[in-house]
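Trainee: First residue of the sequence shown: 77, per the numbering used here; consecutive thereafter.
The structure follows.
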Amino acid sequence: MHTPSHKLDPDGDVLLTLHNPAAPFAVWVNRTLLPPPPPHSDSQHVSAKTDDDGSLSAKKPDVRFLLSSKHLSLASDYFKRMFRSPWKESSADLSTGYHHVDAKDWDPDALLILMQILHCQNAAVPTSVDLEMLAKLAVLVDYYRCHDATTIWVKTWIPNVKDSVPSVKSCFPNKCGRNLILWILIARVFDLQDISRTVFEVACKYCPCPLPTLDLPIVSVAEKVNSIRLHTLEGIFDILDWFLASYLNGTAGCSMECSAMLLGWLTKRMDGPKILPDERECPYLGHSTASVIEAIKGFGSPRWYHNDDELEHPCKLFYGQTELGTWIALRGLDLESLINDPNRRTR
Ligand SMILES: [Zn+2]
């Protein structure tokens with residue numbers, strides 16, 4: 077039998093074997109133009125099989141941990157259930173005396189830190205970790221369901237990495253990066269409500285595509301973000317289309333010339349960001365709610381004069397509303413309330 081790489085309990089009765097350690101984690105590619113990833117359940121762990129450049133990873137040797145079933149059962153619902161179940165892991169192998177447990181793809185350093193915590197080896201646990209390691213730990217904590225045991229350590233680690241929480245300023249108007257995804261994961265798993273609200277708001281406003289989950293257990297959050305993004309974008313497009321139709325059929329504008337001027341102006345303005353009805357297609361890749369609203373704020377109105385006087389024609393696009401916010405509110409499209417309502421059903 078192979079000697080364990082890490083003996084968290086020298087008299088341990090559990091031999092955990094980590095296969096394919098350090099598999100690529102939360103692989104980020106430019107997903108703006110890619111379709112949304114297939115759905116997975118929140119707690120399902122699906123590992124990436126390729127490196128960032130798409131090449132196959134070389135197989136790495138297994139890493140073994142000698143552990144205590146008592147410690148694991150006390151701290152982790154996953155292990156408690158495992159050792160009570162009729163599965164083979166619940167009974168010791170008569171030839172070795174160990175319960176054999178398999179894991180795969182995890183980062184071995186992250187798994188070691190988690191096992192040090194679960195085995196109360198506090199002196200060995202690092203007092204600071206980077207964002208990458210914190211995200212890897214969040215996946216492990218979610219998978220092995222040992223949130224309580226890690227709470228005190230999360231409070232220690234968060235201040236050192238909090239500067240990397242994506243902000244409104246860093247993401248405006250349509251930037252959705254890997255850090256945002258990692259922080260959505262971390263905030264959800266460790267129940268960090270302030271950060272959770274910030275990153276959720278950033279994702280709803282500034283993500284220019286369906287939120288990539290990177291195979292992380294954030295599917296329900298991503299579904300809600302995507303629902304709010306689509307609902308908001310479609311509501312805005314409905315309003316713009318209503319104005320196009322109204323100028324076209326003459327129900328808006330004070331005269332034929334006025335309607336024609338405003339119709340032409342709005343058409344050219346919507347053509348700029350490619351949001352005319354025949355230029356856009358769900359899920360509106362490349363458009364965030366913020367980028368569309370920002371574009372509309374810059375639409376302005378045509379300035380023109382009648383020949384028989386020198387007065388500028390008074391009619392303005394959107395009836396003089398300089399911002400579309402009023403129209404959005406009139407149509408019941410309040411992005412803030414959508415973001416703030418935790419009970420809103422996803423599509
Ligand atoms: Zn007019």
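C-beta atoms are modelled at their ideal positions from N, C-alpha and C, and glycine is treated no differently.
#1: Hey, how far is the Cα of Val90 from the Cα of Ser144?
#2: With respect to 6 Å, is the separation between the Cβ of Gly376 and the closest non-hydrogen atom of ligand 1 below this value?
#3: Taking the DSSP output, what are the residues bridged to Phe319?
#4: Using a threshold of 7 Å, state whether the C-beta atoms of Arg221 and Ser152 are closer than that.
#5: So, with DSSP's three-state summary, where would you put Phe155?
#6: Within 6 Å: the Cβ of Gly340 and any heavy atom of ligand 1?
#7: Using a 10 Å radius around the Cβ and a threshold of 16 neighbouring Cβ atoms, would you call Leu132 buried or exposed?
#8: Below 7 Å between beta carbons: does that hold for Val201 and Ile193?
#9: Tell me whether Tyr61 is buried or exposed, calling it buried when 16 or more other Cβ atoms sit within 10 Å of its Cβ.
#10: Of the choices Met337, Ser364, Asp85, whose alpha-carbon is the least far from that of Val278?
#11: Check whether the stretch 91-102 and the stretch 171-190 touch, using three or more Cβ-Cβ pairs below 8 Å as the test.
#12: Rank His82, Asn96, Ala366 by C-alpha distance to the C-alpha of Lys245 and give the top, closest one.
#13: Out of curiosity, what's the CA-to-CA distance linking Val230 and Pro293?
#14: Can you tell me which residues fall inside 5 Å of ligand 1, judged by beta-carbon distance to its nearest heavy atom, and keep chain order?
#15: Considering only the beta carbon of each residue, do Leu258 and Ala179 sit closer than 7 Å?
#16: Cβ of His223 within 7 Å of Cβ of His147?
#17: Here's the rule: buried if 16 or more other CB atoms are within 10 angstroms of the residue's CB, otherwise exposed. What is Ala135?
#18: Quick check on the DSSP output: the beta strand (DSSP E) that includes Asp178 runs from which residue to which?
#19: Between which residues of its own chain and Asp218 is the CB-CB distance below 6 Å, once the five residues before and five after are set aside?
#20: Can you tell me whether DSSP reads Tyr219 as helix, strand or coil?
#21: Look at Pro150 and Pro80 and say whether their C-beta atoms are less than 7 Å apart.
#22: Here's the rule: buried if 16 or more other CB atoms are within 10 angstroms of the residue's CB, otherwise exposed. What is Ala211?
#23: From the DSSP output, read off the bridge partner residues of Leu92.
#24: Is the beta carbon of Leu216 sitting closer than 7 Å to the one on Leu256?
#25: Do Met346 and Leu352 have their CB atoms nearer than 7 Å?
#26: With distance defined between alpha-carbon atoms, name the residue in Asp354, Glu208, Ile228, Leu261 nearest to Val237.
#27: By the DSSP assignment, the alpha helix (DSSP H) with Gly340 in it spans what residues?
#28: Can you check DSSP and say which residues form a bridge with Tyr381?
Mentor: Looking at the atomic coordinates:
#1: Roughly 6 Å separates the two Cα atoms.
#2: No - ligand 1 has no heavy atom lying nearer than 6 Å to the Cβ of Gly376.
#3: According to DSSP, Phe319 bridges with nothing at all.
#4: The answer is yes: Cβ separation under 7 Å.
#5: In the structure shown, Phe155 sits in a helix (DSSP, three-state: H, G or I).
#6: Placement of the Cβ of Gly340 at a distance of 6 Å or more from every heavy atom of ligand 1 is found.
#7: At Leu132, the pLDDT of 49 sits below 50, so the modelled position is not reliable; the number obtained from the coordinates is stated separately. Its Cβ having fewer than 16 others within 10 Å, Leu132 is exposed.
#8: For the 7 Å CB-CB criterion, Val201 and Ile193 form a contact.
#9: This structure does not reach residue 61, given that the chain is present from 77 up to 423, and the question cannot be answered.
#10: With distances taken between Cα atoms, Val278 lies closest to Ser364.
#11: Flag = yes, the stretch 91-102 and the stretch 171-190 touch.
#12: Nearest of His82, Asn96, Ala366 to Lys245, Cα basis: Ala366.
#13: The straight-line gap from Cα to Cα measures roughly 18 Å.
#14: Taking each Cβ in turn, the ones that pass are Cys330, Cys334, Cys391.
#15: Against a cut-off of 7 Å, the Cβ pair of Ala179 and Leu258 comes out as no contact.
#16: In this structure, His147 does not lie closer than 7 Å to His223 by Cβ.
#17: Per the sequence shown, residue 135 should be read as Lys rather than Ala. Taking all protein chains shown into account, Lys135 has fewer than 16 neighbouring C-beta atoms within 10 Å of its C-beta and is therefore exposed.
#18: For Asp178, the uninterrupted beta strand (DSSP E) segment begins and ends at 175-180.
#19: Beyond the five residues adjoining it in sequence on each side, Asp218 comes within less than 6 Å, by CB distance, of Val265, Pro293 in the same chain, given in chain order.
#20: The DSSP-derived three-state label of Tyr219 is helix.
#21: Pro is not the amino acid found at residue 150; the sequence shown has Leu there. The Cβ-Cβ distance between Leu150 and Pro80 does not fall below 7 Å.
#22: Its Cβ being crowded by 16 or more others within 10 Å, Ala211 is buried.
#23: Residue pairing by DSSP places Leu92 opposite Phe141, Val177 in a beta bridge.
#24: The Cβ-Cβ distance between Leu216 and Leu256 does not fall below 7 Å.
#25: Against a cut-off of 7 Å, the Cβ pair of Leu352 and Met346 comes out as a contact.
#26: Among Asp354, Glu208, Ile228, Leu261, the Cα nearest to that of Val237 is on Glu208.
#27: Counting along the chain, Gly340 sits inside the alpha helix (DSSP H) bounded by residues 332-347.
#28: Per DSSP, the beta bridge partners of Tyr381 are Glu388.
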